[in-house]
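These notes concern the structure reproduced below.
Put into structure tokens, the structure is as follows:
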């Protein structure tokens, strides 16, 4: 039959070849990732298991108010949303480790909706989920209207797409931000958290954001993940920040990006959280307690080195981290950026990043 219909024959051969190639590529791709990234069970981690959190309980430097969204769906799309767990958990522990008590508030109060991306979860995030005090605070958030703003040294607006819906028009949020800024207190916001700032008007009649250096979730990042975001959100965050006079620092997609303008500290995305939190601590007048960077942070350093200095720079930095300094690098994050590049048809970049993943495997002690 196939002799009579050569088109069918060659179509089947091509399809079978494609399936084999995809299978072999998938096998090779997953072989580049360390097995312990998948086998290590972090779900039972407790705060006492993390050395960084157990050495600084004697510090008493003040109080910080964290504000999370109460919004659990993205507008009429009905897509689930909430605050981003990693953006709260990591800042929460940086603040606590540096002697700041953290209270958690939300527009409606009560249990706050949360988004958990298992691919991004690490030791600190699981410790937060198993922290009875932290979980009580997220399950019983203070209604923003009941917040006694004079009790806190700083306010921090946690990201999560829900923030775009219920932060901007909240009068109490606007009042707290205005009060803190005019009193010289520290204001922080990360990812979608800067949505809290867009409608704040100071006593002089100017928008708080006017001529301020600001970072936040970019249009590029938003539209890559949600192509119809313009139809779902009341605005794209980058556009709204710029419309209110901000000098927006775009940075590289999904990589560390932090801006500081006097006491205003903003971070671009979840991968900015660690440096963002420590920048807030510095703005509060303290040197951050020494912390060992995570494997994810080290991967971000390599990705930034690639963006700023090219392949050879990233490769040299990778060797320095893994071989000379014996530091871990999260290869799955490098690989993820390679996949993102391929989806954007940046095939040269995708090949470079996968080559870096392969090189990291080659020089890593656990794979030698």
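Numbering (the numbering used here), first residue to last: 1227 to 1594.
Cβ atoms here follow ideal geometry from the backbone N, Cα and C, with glycine treated the same way.
Check, Outcome
"Contacting residues, own chain, Cβ-Cβ under 6 Å from residue 1388 (five flanking each side not counted)", "1295, 1297, 1307 and 1308"
"Assigned secondary structure, residue 1436 (DSSP; H/G/I helix, E/B strand, else coil)", "coil"
"One or two residues paired with residue 1473 in a DSSP bridge", "1439"
"Residue 1236 classed as buried or exposed, judged by whether at least 16 other C-beta atoms fall within 10 angstroms", "Residue placement at residue 1236 cannot be trusted, given a pLDDT of 46 that sits under 50; what the coordinates show is reported in the next sentence. Exposed is the call here."
"As assigned by DSSP and simplified to three states, the class of residue 1562", "helix"
"Residue from 1331, 1356 and 1324 with nearest C-alpha to residue 1271", "1356"
"First and last residue of the uninterrupted alpha helix (DSSP H) at residue 1574", "1573-1589"
"Residues near residue 1461 in its chain [Cβ-Cβ closer than 6 Å; skip 5 each side]", "none"
"Test item: CB-CB of residue 1400 and residue 1429 under 8 Å", "no"
"Residues of its chain near residue 1249, where Cβ-Cβ distance is below 6 Å and the 5 sequence neighbours each way are ignored", "Bear in mind that the predicted position of residue 1249 carries a pLDDT of just 44, short of 50, making it unreliable; the figure below should be weighed with that in mind. Answer for residue 1249: no residue qualifies."
"Environment of residue 1469 [buried if 16+ CB atoms lie within 10 Å]", "exposed"
"Residue 1486: first and last residue of the uninterrupted beta strand (DSSP E) it sits in", "1484-1487"
"Neighbourhood of residue 1286 by C-beta distance below 6 Å, restricted to the same chain and skipping five residues each side", "1325"
"Residue 1235 (DSSP reduced to helix, strand or coil)", "Per-residue confidence for residue 1235 stands at a pLDDT of 48, beneath the threshold of 50, marking its modelled position as unreliable; no derived number is given."
"Coil, strand or helix - residue 1248 by DSSP", "No answer about residue 1248 holds up, because its pLDDT of 41 lies below 50 and its placement is not dependable."
"Inter-residue Cα distance where the pair is residue 1497 and residue 1340", "18 Å"
"Residue 1583 versus residue 1556 - alpha carbon distance", "9 Å"
"4-residue-minimum alpha helix (DSSP H) runs that sit fully inside the region 1393-1433, ordered along the chain", "1397-1409"
"Buried versus exposed call for residue 1253 [16 or more other C-beta atoms within 10 Å across all chains shown]", "Model confidence at residue 1253 stands at a pLDDT of 40, short of 50, so the residue's coordinates are unreliable; what they give is reported in the following sentence. So residue 1253 counts as exposed."
"Residue 1313 and residue 1384 closer than 8 Å at C-beta", "yes"
"Given 8 Å, three or more beta-carbon pairs between the region 1371-1383 and the region 1344-1356", "no"
"Residue 1537 in three-state terms, based on DSSP", "helix"
"Anticipated Cβ contact below 8 Å, residue 1492 with residue 1442, distance rounded", "6 Å"
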